[in-house]
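So the sequence shown is residues 143 to 170, counted in this note's numbering.
Idealized CB from N, CA, C, for every residue including glycine.
See structure below.
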Amino acid sequence: LLFWFTFVIGILFIFIKLYNSIMASLPV
């Protein structure tokens, strides 16, 4: 259970980092 919890948190963290980098590279 703990493994799946950390796995989901890691996936969410990676998606947030990717989203932030994509938003930062786009012109506003």
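Practice task
Quick one: grab the DSSP three-state call for L168.
Solution key: Residue mapping note: residue 168 aligns to position 26 of the sequence shown, counting from 1. Of the three classes helix, strand and coil, the one that applies to L168 here is coil, per DSSP.
Handout entry: Simplified DSSP assignment, three categories, for L143
Key = Position 1 of the sequence shown, counted from the first residue, corresponds to residue 143. Coil, per DSSP.
Practice task
Please decide whether F155 counts as near chain D, where near means a Cβ-Cβ distance under 8 Å.
Solution key: Absent here is chain D; the protein component of the structure consists of one chain.
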